[in-house]
Amino acid sequence: MTRFVLRRLLELLVVFIGVTFVIYALVFALKGDPIASLAGDRPLPATVVATLRARYHLDDPLISQYWRWLTGVFRGDLGTDFTGRSVSERMASRWPTTIVLALTAWVLEVVIGAGLGLISGLRQGGTIDRAVLLGTIVISSIPIFVVAVTSQLLLGVNWGWVPVAGTQEGWPVAFLLPAACLAVFGLAAVSRLMRGSVIDSVRSDYVRTLWAKGLSERRVVGVHVLRNAGIPVLTFAAIDLGYLLGGAIIVEGIFNMPGIGQLLFSAIRNHEGPVVVGVSTALVIIFLVISALVDIANSLLDPRIRRD
Amino acid sequence: MNLKTRTRMARAVLGAAVATTLLAGCAVGGATDTSSSSSTAAVAGTSASSAAGSAEATGTVAGSSYIVSTTEPGDLNPGKQITAYDQDMAMYTSLTSVATDGTVTMAAAESVESDDATTWTITLRSGWTFHNGEPVTAQSYVDAWNATAYGPNAWANSGQLAEIVGYDDLNPETGEPTVKEMSGLKVVNDTTFTVQLSAPDGQFPLQLSQAMTGLFPMPKAAFTDLDAYNKQPIGNGPYMMTTPHEENQDIVLTAYPDYAGTPAKTETVTFKMYTDTSTAYTDALAGNVDVVGVGPEKIVSAVTDFGDRLYVNEAPGIAFLGLPTWDPRYSDVRVRQAISMAIDRDSINEAIYAGKYTPATSFTPPTEPGTPENACGEWCTYDPTKAKELLDAAGGWTGSMEITYPGGFGLDELYKAYANQIRRNLGIEDVTTKATADFAEFAQIRTDAQIGGPYFSRWGALYPSQQNTLKAFFVPGGGGGCTNCSALQPQEVQDLIAQADGQVDQDKAIEFYQQAQAVLAEQLPIIPMFYEKYMFVTSEKITALPSSQGSPVWAGITVS
Numbered sequence: 001m002t003r004f005v006l007r008r009l010l011e012l013l014v015v016f017i018g019v020t021f022v023i024y025a026l027v028f029a030l031k032g033d034p035i036a037s038l039a040g041d042r043p044l045p046a047t048v049v050a051t052l053r054a055r056y057h058l059d060d061p062l063i064s065q066y067w068r069w070l071t072g073v074f075r076g077d078l079g080t081d082f083t084g085r086s087v088s089e090r091m092a093s094r095w096p097t098t099i100v101l102a103l104t105a106w107v108l109e110v111v112i113g114a115g116l117g118l119i120s121g122l123r124q125g126g127t128i129d130r131a132v133l134l135g136t137i138v139i140s141s142i143p144i145f146v147v148a149v150t151s152q153l154l155l156g157v158n159w160g161w162v163p164v165a166g167t168q169e170g171w172p173v174a175f176l177l178p179a180a181c182l183a184v185f186g187l188a189a190v191s192r193l194m195r196g197s198v199i200d201s202v203r204s205d206y207v208r209t210l211w212a213k214g215l216s217e218r219r220v221v222g223v224h225v226l227r228n229a230g231i232p233v234l235t236f237a238a239i240d241l242g243y244l245l246g247g248a249i250i251v252e253g254i255f256n257m258p259g260i261g262q263l264l265f266s267a268i269r270n271h272e273g274p275v276v277v278g279v280s281t282a283l284v285i286i287f288l289v290i291s292a293l294v295d296i297a298n299s300l301l302d303p304r305i306r307r308d
Numbered sequence: 001m002n003l004k005t006r007t008r009m010a011r012a013v014l015g016a017a018v019a020t021t022l023l024a025g026c027a028v029g030g031a032t033d034t035s036s037s038s039s040t041a042a043v044a045g046t047s048a049s050s051a052a053g054s055a056e057a058t059g060t061v062a063g064s065s066y067i068v069s070t071t072e073p074g075d076l077n078p079g080k081q082i083t084a085y086d087q088d089m090a091m092y093t094s095l096t097s098v099a100t101d102g103t104v105t106m107a108a109a110e111s112v113e114s115d116d117a118t119t120w121t122i123t124l125r126s127g128w129t130f131h132n133g134e135p136v137t138a139q140s141y142v143d144a145w146n147a148t149a150y151g152p153n154a155w156a157n158s159g160q161l162a163e164i165v166g167y168d169d170l171n172p173e174t175g176e177p178t179v180k181e182m183s184g185l186k187v188v189n190d191t192t193f194t195v196q197l198s199a200p201d202g203q204f205p206l207q208l209s210q211a212m213t214g215l216f217p218m219p220k221a222a223f224t225d226l227d228a229y230n231k232q233p234i235g236n237g238p239y240m241m242t243t244p245h246e247e248n249q250d251i252v253l254t255a256y257p258d259y260a261g262t263p264a265k266t267e268t269v270t271f272k273m274y275t276d277t278s279t280a281y282t283d284a285l286a287g288n289v290d291v292v293g294v295g296p297e298k299i300v301s302a303v304t305d306f307g308d309r310l311y312v313n314e315a316p317g318i319a320f321l322g323l324p325t326w327d328p329r330y331s332d333v334r335v336r337q338a339i340s341m342a343i344d345r346d347s348i349n350e351a352i353y354a355g356k357y358t359p360a361t362s363f364t365p366p367t368e369p370g371t372p373e374n375a376c377g378e379w380c381t382y383d384p385t386k387a388k389e390l391l392d393a394a395g396g397w398t399g400s401m402e403i404t405y406p407g408g409f410g411l412d413e414l415y416k417a418y419a420n421q422i423r424r425n426l427g428i429e430d431v432t433t434k435a436t437a438d439f440a441e442f443a444q445i446r447t448d449a450q451i452g453g454p455y456f457s458r459w460g461a462l463y464p465s466q467q468n469t470l471k472a473f474f475v476p477g478g479g480g481g482c483t484n485c486s487a488l489q490p491q492e493v494q495d496l497i498a499q500a501d502g503q504v505d506q507d508k509a510i511e512f513y514q515q516a517q518a519v520l521a522e523q524l525p526i527i528p529m530f531y532e533k534y535m536f537v538t539s540e541k542i543t544a545l546p547s548s549q550g551s552p553v554w555a556g557i558t559v560s
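In order, the protein sequences belong to chains A and B.
Per UniProt numbering, the first sequence starts with residue 1, numbered consecutively.
Per UniProt numbering, the second sequence starts with residue 1, numbered consecutively.
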């Protein structure tokens, strides 16, 4: 078991270095001098540009820039943006918003998605099942910004039920609508996955036996079906939490939530390479760690996974 | 804007380009304490009138407040700021102040005078203090200017001081500077200092006006902890900041009780951060934010959504269509004239800007004093028949034409419209548009002359003098570089600009600038398209939104 964990961690490190190098190389391959573009169409004096380029080592070869950055990361230093502000500090103030938003979305996704999936799985072929299937297809095929902007206009501006933007009103009021928009995709996936698992379970021998024993529906579904059908759903949901943490870019932008996604959104737009790399890296780490934990947890549950 | 300019970008206004970035740093804004009275013409050396606290000084209404949308600023220190323009406008008072019509009045300065346009004597009003109580002295300016100009500090607004004698010593081409002070600055006494310029410049008093944040004073306290000052500037203006700015938190400014100028009318201003200008617009619809800059994509809807709460301000910005004169196909002036005459500016204005912009007829915006009306003449008038004749006379057109502009700033519709007009009216079949990924990429291919067709070009002047726009576009290095200026920079025009700069008398200066424009009209190295407007929408709470050079005067805003 220890070997498995070690191997998994080593893989994680390799993937981390590979992915961050690619991000780093991509950002620095972007056309245009990030320093010269700091001031937009108002050019900076040549000496200012030269000083800043030297300060941020922009004239070094890619590999040595990356090495400098990587060794910084292992010392816990994600570098600074081109105005000298620490990237990790800039991120620090934004994590709480993103985490609250992602967790809210996640809870909505899991509770509503699993609920819908359970009902439609138990009533396979019925009206509710068809409605859920159709509903999830429709909803997951609408681009997220359309869902977000439309609901913002209707619920926020026209009806005034929820704040239009920002987090001033606190949880849950300010977070519900953005979280719901964020949860839409995962919700569709969770409900379908749940539906499939429930259908499989309901058809399985042990459930048939339980029915035959005369157990109540509540007991059969609540205890036995749900427990077995829930495992793949929870695995998916755990990994999806990683996506949610990173996937809030559009939603945070539209609803003006001061989170990590919003920082990435504006950093990309402003060509702030160090911030883009820093944020992406943090998200990569989170995602890698979550998937590693899921793998390890699964391997604990199912020893066959360890043996490959 | 910001295009990084955020600042302003956020404000977005720019019809053309407003990206945060681009704008950043571009326009001009408020903070003036004397706007009303004294309106001597834009003249160097007028020692202005009364000033501080004259006329309608009514004082601050206790408990009043309003909220402005902005974007996350980087540095707040005015010497470094690129995207904290509005906040700095509220916290500082410039030496002089320029109204939208170009009238210069004295603000923090009592007078700005020179006999030869080279050595300037600046006398400060007495009794002014910074927000920490420290007196504002001549030394406060000299220290701030030296710090801003000092190369190794690499402050973004350093270039605003480049004309001062000694700037080059602080910015040697190689190596570290050996001095930290410009020899052209001399403190005479507590309220007087002199500035020696490396060449005569009669426009200097205008350069001391509100938008040139690199020329603001700094208190001694700032130098003991520059990082703290960067997060919580200590200004000499109507509003003060009481707590340091934290990433993405609102910036709340309160009226400075001991301000020596006309006090702010509203007690508290909150700058609220938005990443996306259209979210700010939506929030304004819901009444959660009181003043919001309007980007080009929202102008048409703003007319119906906000009615008379849409403010359309004359701005010191002008949009051109750049021409790649390194391509021989554009070397015949008749081709350039044909392109210009083939574009129907009026119909584009209606379709894209709801008729709120003004088609350009000269090479500088009308808020710059002495800008001639119709300098461009028939070449800027829509006449598709004549355009086609000119192109045919020049030998017709071969090949395709690709119009390039920076992507992400809401410019797509505008450039598509240009392309359609040229295709239809000149019969050039293959006219396409290309958006670069962002402003940085655009800047690079423009600087490297890697553009194969007409391209995005605009300028928002930091001070409203024809000098600013003309130098930026037609003098090599005149604006500190050439990101989107004219590729063709006629020597004759450069000479006329230099002659104009040397005049102390504004009327004479204007004559020379106008002559330069006449030469530009003959050669048409670049095509004037639109005079820009900066637009804002407000909530019903705002009862007055005074502006100067396109930007709101924060201290003059009143609320119900």
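Each residue gets a CB set at the ideal place from its N, CA and C atoms; glycine is no exception.
Tell me which same chain residues have a C-beta within less than 8 angstroms of the C-beta of residue i, skipping the five on either side of it?
{"i": "W326/B", "result": "A449, A487"}
Using DSSP with H/G/I as helix, E/B as strand and the rest coil, what is residue i?
{"i": "E402/B", "result": "strand"}
{"i": "Q489/B", "result": "coil"}
{"i": "Q196/B", "result": "strand"}
{"i": "W69/A", "result": "helix"}
{"i": "F271/B", "result": "strand"}
{"i": "N228/A", "result": "helix"}
{"i": "G63/B", "result": "strand"}
{"i": "F536/B", "result": "strand"}
{"i": "V207/A", "result": "helix"}
{"i": "E389/B", "result": "helix"}
{"i": "W459/B", "result": "strand"}
{"i": "A255/B", "result": "strand"}
{"i": "K265/B", "result": "coil"}
{"i": "K356/B", "result": "coil"}
{"i": "F82/A", "result": "coil"}
Considering Cα atoms alone, identify which of the options is closest to residue i.
{"i": "G214/B", "options": "L161/B, I67/B, T242/B, T304/B", "result": "L161/B"}
{"i": "L78/A", "options": "V276/A, I290/A, P163/A, F287/A", "result": "V276/A"}
{"i": "T98/A", "options": "L244/A, V19/A, F145/A", "result": "L244/A"}
{"i": "N349/B", "options": "V292/B, A417/B, T304/B, S400/B", "result": "A417/B"}
{"i": "A180/A", "options": "M1/A, V5/A, S120/A, A248/A", "result": "A248/A"}
{"i": "P200/B", "options": "I497/B, Q515/B, E378/B", "result": "I497/B"}
Within 10 angstroms of its Cβ, does residue i collect 16 or more other Cβ (buried), or is it exposed?
{"i": "Q491/B", "result": "exposed"}
{"i": "W161/A", "result": "exposed"}
{"i": "Q232/B", "result": "buried"}
{"i": "L264/A", "result": "buried"}
{"i": "W554/B", "result": "buried"}
{"i": "P78/B", "result": "buried"}
{"i": "W145/B", "result": "buried"}
{"i": "F536/B", "result": "buried"}
{"i": "I557/B", "result": "buried"}
{"i": "K213/A", "result": "exposed"}
Leaving out five residues on either side along the sequence, give the residues of the same chain with a beta carbon under 6 angstroms from the beta carbon of residue i.
{"i": "G166/A", "result": "N256"}
{"i": "V43/B", "result": "In this predicted model, V43/B has a pLDDT of only 37, less than 50, meaning its place in the structure is not dependable enough to derive any value."}
{"i": "P135/B", "result": "T129"}
{"i": "L116/A", "result": "V132, S191"}
Excluding the 5 residues preceding and the 5 following residue i in the sequence, name in chain order all residues of the same chain whose CB lies nearer than 7 angstroms to its CB.
{"i": "V164/A", "result": "Q152, G156, V157"}
{"i": "V147/A", "result": "C181, V184"}
Could you tell me which chain D residues have their CB closer than 7 angstroms to the CB of residue i, listed as they occur along the chain?
{"i": "H271/A", "result": "Here the protein chains are A and B, and chain D is not one of them."}
Contacting positions in the region 391-408 of chain B - beta carbon closer than 7 angstroms to chain A: G408
Residues in the region 434-454 of chain B having any Cβ partner in chain A nearer than 9 angstroms: T436, A437, D438, F439, A440, E441, F442, A443, Q444, I445, T447
Interface positions of the region 156-174 of chain B facing chain A (Cβ-Cβ less than 7 angstroms), listed along the chain: A156, S158, G159, A162, N171
Cβ-based contacts, 7 angstroms cut-off: residues of the region 35-47 of chain A near chain B: A36, S37, L38, A39, G40, D41, R42, P43, L44, P45, T47
Residues from the region 210-244 of chain B in contact with chain A, defined by Cβ distance under 8 angstroms: none
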